[in-house]
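Chains A and B, in that order, give the protein sequences.
This note's numbering numbers the first residue of the first sequence as 1403 and each following residue consecutively.
This note's numbering numbers the first residue of the second sequence as -5 and each following residue consecutively.
Glycine is no exception: its CB is placed at the ideal position from the N, C-alpha and C atoms.
Please read all numbers here as calculations on a predicted model, not as lab measurements.
This report concerns only the one structure given below.
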Amino acid sequence: MKKWLLAGAAALLLTTLSGTSYAEYKAEHRGGTMRLLSRSAGGTLDPHINYTLQYWQLYQPTYDGLVTFKKAAGAEGFKIVADIAEEIPKSENSGKTYVFKIRKGIKFSDGRELGVKDVVASFQRIFKVSSPTSGSFFAGIVGADKCLAEPAKCTLEGGVVGDEAAGTVTINLTQPDAEFFDKLGLPHAVILPADAPAQDAGSVPIPGTGPYMFESYDPNKALVMVRNPHFKVWSEEAQPDGYPDKVQYDFGLSEEASVTAIQNGEADWLFDEIPADRLGEIGTKNKEQVHVTPLTAWWYLPMNTRLAPFDNEKARQAVSYAIDRKALVKIFGGSVLASPVCQVLPPGFPGHEPYCPFTKNPGKKWSAPDMEKAKKLVEESGTKGQKVTIIAEDKAISKSIGVYLQSVLTELGYQADVKPIATNIQFTYIQNTNNKVQMSITQWYQDYPAASDFLYILFGCESFHEGSDSSVNISGFCDKGLNDKMKKALELGVEDQAAANKMWAEIDKAVTDKAPAAGLFTPKHLDFVSKRLGNFQFNSQYYWMVTQSWVQ
Amino acid sequence: MACLAIFCLIAVLCLLAPAYVSFANTDPFRASLDATVEINGVEVPVMEESTEGLALGYTPIGPTWQLGNYFLGADNQGRDVMARLLYGGLNSLLISGAATIITMVLATAIGLTAGFFGGMTDTILSRILDVLWAFPVYLLAISLSIVLIAQGIDLGIIVVEAGSLWLPIFIIAIVYIPYIARPIRGQVLALRRSEFVLAAIGLGVPEHRILLRDILPNVSTTLIVFTPLMLAINMLTESALSFLSIGVQPPDASWGTIIQDGQGLLYTRPMVALAPGLAIALTVLVLNILGDGVRDALDPRSKIKLGGD
């Protein structure tokens, strides 16, 4: 109780100082056990390695970075706020240097105080454990090239420099990076104890600094989070205290059984998608327990610009014109759960300006397919009659979309077939050029709120790697002019983000016109929670803020 | 005989699939998300949109019990389940039948060769069979399917395109060869030392003639008994592979793929999964009883036992 009072006082002080008002912590709801369900575990518990939304959601109340995404509902969650750093530093050295002053008094869950050495060691560890984003998001730190070449000997010399006396950490970049704080706000850059293992910690929890800590983890059974006894609130917007005393995350139950468990009050939430045949039921019988939120995500159809027939721009555009996005929305669960799109950037995302050229009555919105125009374009392209294989995931929705697209392509005059392959290998399979994938069905969910995370990552020349499983530019699209413009927009963002976003809007339109991929729809996220769960808040960056809800 | 009649009836019904599709004026391989159907004079959408509460999701129409008019309802893409069931049965029977023929032919050839010639030939063939036998059947079938299903087979003279029905046929045929070849080999080993074979060798009868004229007829009873049982096992294997998306590829149907389509509709439209499930169960049951009947009819020991009762 005393601990809570201290936390509350700190929060009140911070609120007053920052001039921002936050929802009052409701002590009467504190306590209880929250029960979450998932069909399977999300892999390693190591925050520097895990790259799943399932655990990124849980890292929010367990770990902290120098900065973080604001723990607030809606698009406010895209805002970067200081976390372990006292404040967000101004850039120095023409945008290439940042000096972070480390907060004092923050303790890890094992009782040790967090210090400068932990921050420096954590950045080295990103490379030592070969974090999946070490070569992309953090490759711009001085010394990163050596660390990527020899991870075990990583020192980031000259890149991350600690000053124990001043309590500061200086990060030097090889070139200015407008998205550097976004990258620092991701779980791959959280601060861990300096003696954290220099390899994947697997199922052994690493101490963190948030209000909760992982107590136990058995990937075949359950993950348990309990309160961190050493936690005190230092910033409500960065790391607020949570409500439940314990979070019990059980694995193994099917989606059908999980829905029933929630209906019966035996569980509070499930991670997996709600089975299609239960949507109608929960939307009527349990509508107060359903939360539907738009996502900054994209279901799309990459078309290989280096293989026939889609090395022909007209053939790609024909497909974009022919797709009935309304039918696809229907497959996904209806207009409540998805909206048709033509362009790359999702609504509400930086740089998004509504645009849809591939529809009847082109303009800002998709209205209907234009089959006549599509057929004409196929004729003009001279690709009619060619064979096309669509690679889908073996999940119900992706497979159904594949079957639908096959009929569209057949109507256009192609010899189309669809191959559903195992979901866990499909994404790497479609990236590798050796597999000669002509067309695939896939999704992209933002890492952080920046237009480049869609446009440059998915269609930049640098994202294409021949023969690699990590060639996320699945279309193999590389337009030198557009690529240079993307780089210019990235540079411009360092000085003037608003101007950069305008430039990204132009790039979005240009990429959409060239149709290296056909946009299908923007999905919405459906959370189904128990009756007893209160204070549901959806953060645009990390989705449902688990411990900000209460169960009593 | 009743079982044989039921099996023939199932096969005939499946063969009538194209006729049913023409009668129902439906395309079982194309999504019909916007289709409508007339029930009791009222036009209703095949995919019913939820309008109550939050209006989440679509539910395919259930069984109408009117032949040619979504008799068993629609699946999650608005396709007629009855039409797919008949086409699926056709594919399931075709695959299991073709795989059974290939298995029997190859296994017989291997068993006869290994058992009759013995020595190094027997050692090599038996070890190959041992290696195949060492893998659990489904593990081997799934591994082969995952490797081959997306790329197909290209061995120069043998080219099988990805998505072809020949892929599951070959995969299923290969994994069951040891299960037939080994008992055949054992029988041939015994027959090789029998007096009539030794006499034929002594008379200088060519080996291939001995194999075809003297040994093959003596193992034919075993082959006949195994055939319906293999057909049943192959049908189950095909359904399992298709259910796992590594057998028949969409939009083609097999009973396994229809069960998979129906898995997501178990709660609202159980008939989509139930109908092919019952079809598999009935066909396999009939084939097993038929197999037992054939064994009883052809196995002299079984006859003696029955006579003694």
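DSSP places A/GLN1833 inside the alpha helix (DSSP H), whose first and last residues are 1825 to 1833. Ranked by how close their Cα comes to the Cα of A/GLY1750, the residues A/VAL1820, A/LYS1634, A/GLN1848 have A/GLN1848 in first place. A residue is called buried once 16 or more other Cβ atoms fall within 10 Å of its Cβ, and A/PRO1851 is buried on that count. When the beta-carbon positions are compared, A/MET1615 and A/PRO1607 come within less than 8 Å of each other.
With contact defined as three or more Cβ pairs closer than 8 Å, the stretch 87 to 101 of chain B and the stretch 256 to 265 of chain B are not in contact. Interface with chain A (8 Å Cβ-Cβ cutoff): B/ARG78 is excluded. With contacts defined by Cβ atoms closer than 8 Å, A/LEU1811 and A/LYS1777 do not form a contacting pair. Chain-order list of chain B residues neighbouring A/GLN1808: PRO245, by C-beta distance under 7 Å. Chain-order list of chain B residues neighbouring A/THR1686: SER44, GLU46, GLY47, LEU48, by C-beta distance under 8 Å.
With its beta carbon at least 8 Å from every one in chain B, A/PRO1463 lies outside the interface. Using a CB distance below 8 Å, the part of the stretch 1657 to 1684 of chain A facing chain B consists of GLU1658, PRO1677, ALA1678, ASP1679, ARG1680, LEU1681, GLY1682, GLU1683, ILE1684, ordered along the chain. Rounded to the nearest angstrom, the gap between the Cα atoms of B/LEU276 and B/GLY109 is 37 Å. For A/LYS1911 and A/VAL1694, the gap between their C-alpha atoms comes out near 28 Å. Among the residues of chain A, those whose CB is under 8 Å from the CB of B/SER239 are ASP1796, LYS1801, PRO1822, ILE1823, ALA1824, following chain order.
Only those residues of the stretch 190 to 211 of chain B whose C-beta falls short of 8 Å from the nearest C-beta of chain A would be listed, and there are none.
CA-to-CA, the gap between B/LEU292 and A/GLY1787 works out to about 55 Å. In chain order, ILE165 place their CB closer than 6 Å to the CB of B/LEU138, counting only its own chain and leaving out the 5 sequence neighbours on each side. For A/ALA1798, the three-state secondary structure derived from DSSP is helix. Close to B/MET41, with beta-carbon spacing below 8 Å, are these residues of chain A in chain order: LYS1732. In the structure shown, the three-state DSSP call for A/GLY1750 is coil. In the three-state DSSP reduction, A/LYS1472 falls in the coil class, being neither helix nor strand.
The C-beta separation of A/THR1791 from A/GLN1719 comes to about 20 Å, leaving the pair out of contact by the 8 Å criterion. With fewer than 16 neighbouring CB atoms inside 10 Å of its own CB, A/LYS1882 falls in the exposed class.
Secondary structure remark: continuous beta strand (DSSP E) runs of at least 3 residues inside the stretch 13 to 64 of chain B, in chain order: 30 to 33, 36 to 39, 41 to 43, 52 to 54. Within chain A, the residues THR1791, ASP1819, LYS1821 have their CB atoms less than 9 Å from the CB of B/ALA156, given in chain order. Between B/ALA25 and A/SER1809, the C-beta gap is smaller than 8 Å, which places the two residues in contact. Rounded to whole angstroms, the Cβ separation of B/ILE55 and B/VAL31 is 6 Å, and the two are in contact under 8 Å. Between the beta-carbon of A/GLU1639 and that of A/VAL1483 there is about 5 Å, and that keeps the pair under the 8 Å contact cut. DSSP places A/ALA1902 inside the alpha helix (DSSP H), whose first and last residues are 1899 to 1916.
Rounded to the nearest whole angstrom, the C-alpha separation of A/LEU1807 and B/PRO244 is 12 Å. Legend: CB atoms of the stretch 1931 to 1945 of chain A lying less than 7 Å from CB atoms of chain B are not found in any residue. Of all residues in the stretch 66 to 98 of chain B, those with a C-beta nearer than 7 Å to a C-beta of chain A are ASN70, GLN71, reading in chain order. Counting along the chain, the unbroken beta strand (DSSP E) around A/PHE1502 starts and ends at 1499 to 1503. If you check the CB distance, A/GLN1641 and A/PRO1595 do not come in under 8 Å. When DSSP reads this structure, A/GLN1817 sits in a beta bridge with A/LYS1789.
The stretch 1665 to 1672 of chain A and the stretch 1911 to 1922 of chain A do not touch, with fewer than three beta-carbon pairs separated by less than 8 Å.
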